[in-house]
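Chain order of the listed sequences is A and B.
Going by my numbering, the first sequence opens with residue 2, and the numbers climb by one from there.
Going by my numbering, the second sequence opens with residue 65, and the numbers climb by one from there.
Just below is one structure, and these are the notes that go with it.
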Amino acid sequence: AQKVTQAQTEISVVEKEDVTLDCVYETRDTTYYLFWYKQPPSGELVFLIRRNSFDEQNEISGRYSWNFQKSTSSFNFTITASQVVDSAVYFCAPGGRAGNNRKLIWGLGTSLAVNP
Amino acid sequence: DTGVSQDPRHKITKRGQNVTFRCDPISEHNRLYWYRQTLGQGPEFLTYFQNEAQLEKSRLLSDRFSAERPKGSFSTLEIQRTEQGDSAMYLCASSLSGRGTEAFFGQGTRLTVV
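Shown next, in the form of structure tokens:
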């Protein structure tokens with residue numbers, strides 16, 4: 002079965018700490034896309050990053066970085082120097098080969114609280 | 065264009081009533097999606113349009129649910145004979161076509177059926 006596991010239900014950090022959100026997924030597809038979205042208290046899901054399965058190069062974008070390991074089906078997301086505005090629920094969402102959003106698999110998310 | 069907008073933001077209705085939600089996607093986006101999200105869960109896919117064509121419907125979408133996108137622009141989601149189990153956040157998203165394109169979400173319509 003295709004599914005995503007975000008083992009951390011809730012994380013609480015103090016501002017300026019680095020925080021890593023874990024994501025492990027199962028998929029039948031050999032090529033696929035992986036997304037991270039953020040859902041702040043306002044409710045609007047906000048796209049953060051995207052990675053395709055055939056490119057395992059890890060990248061940094063501002064305070065965000067991600068570590069994709071196809072061999073272990075993990076796609077972890079790190080926020081460096083966290084800020085209070087980073088407080089939100091974060092969803093890892095793997096998708097099918099077509100990369101179409103209707104095929105995204107959504108987990109339960111990780112609720113991140115960044116305290117001043 | 066400021067993003068995906070949904071109307072209303074909140075709706076309280078009595079069981080058995082019909083409700084209709086509207087979604088205005090980003091203007092150049094030809095794909096439009098409806099999701100449902102309950103507390104503590106991730107979004108669940110309901111249906112998807114490419115332009116005005118409804119290409120896929122989830123099994124979650126019972127006969128009481130119908131969605132339209134008549135001119136390939138805005139979309140409506142109607143729920144007939146609402147039940148308490150329909151209480152949820154209904155999210156609309158839009159995207160360009162193409163592999164791996166990210167979706168842009170609206171702020172959702174929170175439905176409460178009493």
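From the three backbone atoms N, C-alpha and C, an ideal C-beta is built for every residue, glycine too.
Start and end of the beta strand (DSSP E) containing A/N106? Reading the first sequence from its first residue, position 105 is the one you call residue 106 of chain A. Rather than Asn, the amino acid found at residue 106 of chain A in this sequence is Ile. Per DSSP, A/I106 is not a residue of any beta strand (DSSP E), being assigned neither H nor E.
For B/S159, the three-state DSSP class (helix, strand or coil): Working through the second sequence from its first residue, we reach residue 159 of chain B at position 95. Strand at B/S159.
Could you work out which residues of chain B lie near A/R51, taking near to mean beta carbons separated by less than 7 Å? As a working mapping, residue 51 of chain A is identified with position 50 in the first sequence. Result: G164, E166.
Which ranges does the beta strand (DSSP E) cover as unbroken runs of at least 3 residues, wholly within the segment 116 to 148 of chain B, from first to last along the chain? 117 to 121, 129 to 132, 139 to 143
A/I80 classed as buried or exposed, judged by whether at least 16 other C-beta atoms fall within 10 angstroms: Here residue 80 of chain A corresponds to residue number 79 of the first sequence, with the count starting at 1. Around the beta carbon of A/I80, 16 or more other beta carbons lie within 10 angstroms, which makes this residue buried.
What first and last residue would you give for the beta strand (DSSP E) that runs through B/I76? If you number the second sequence from 1, residue 76 of chain B lands on position 12. Unbroken beta strand (DSSP E) run through B/I76: 74 to 77.
Let me see if you follow: with CB-CB separation under 9 Å, is B/P134 close to chain A or not? Your numbering for residue 134 of chain B matches position 70 in the second sequence. B/P134 does not count as touching chain A.
Assuming A/Y38 and A/F92 form a contact by the criterion Cβ under 8 Å, report the distance between their Cβ atoms to the nearest whole angstrom. One-based indexing of the first sequence puts residue 38 of chain A at position 37. One-based indexing of the first sequence puts residue 92 of chain A at position 91. Indeed, because the Cβ distance is near 5 Å, the residues count as touching under 8 Å.
A/K71 - DSSP class collapsed to helix/strand/coil: By one-based count along the first sequence, residue 71 of chain A stands at place 70. In this structure, A/K71 counts as helix in the three-state DSSP scheme.
Going by DSSP, which residues form a beta bridge with A/K17? Here residue 17 of chain A refers to the residue found at position 16 of the first sequence. DSSP, once it has assigned bridges, lists no residue as partnering A/K17.
Chain A partners of B/L155, CB-CB under 9 Å? The residue labelled residue 155 of chain B in the question sits at position 91 within the second sequence. In chain order: G44, E45, L46.
Per DSSP, which one or two residues make a beta bridge with A/R64? Here residue 64 of chain A is taken as the residue at index 63 of the first sequence, counted from 1. Answer is none; A/R64 lacks a bridge partner.
Would you mind reading off the limits of the beta strand (DSSP E) that contains B/S69? Position 5 of the second sequence, counted from the start, is the residue given in the question as residue 69 of chain B. That run of the beta strand (DSSP E) goes 69 to 71.
Should the segment 142 to 160 of chain B be regarded as contacting the segment 95 to 107 of chain B, the criterion being three or more beta carbon pairs within less than 8 Å? yes
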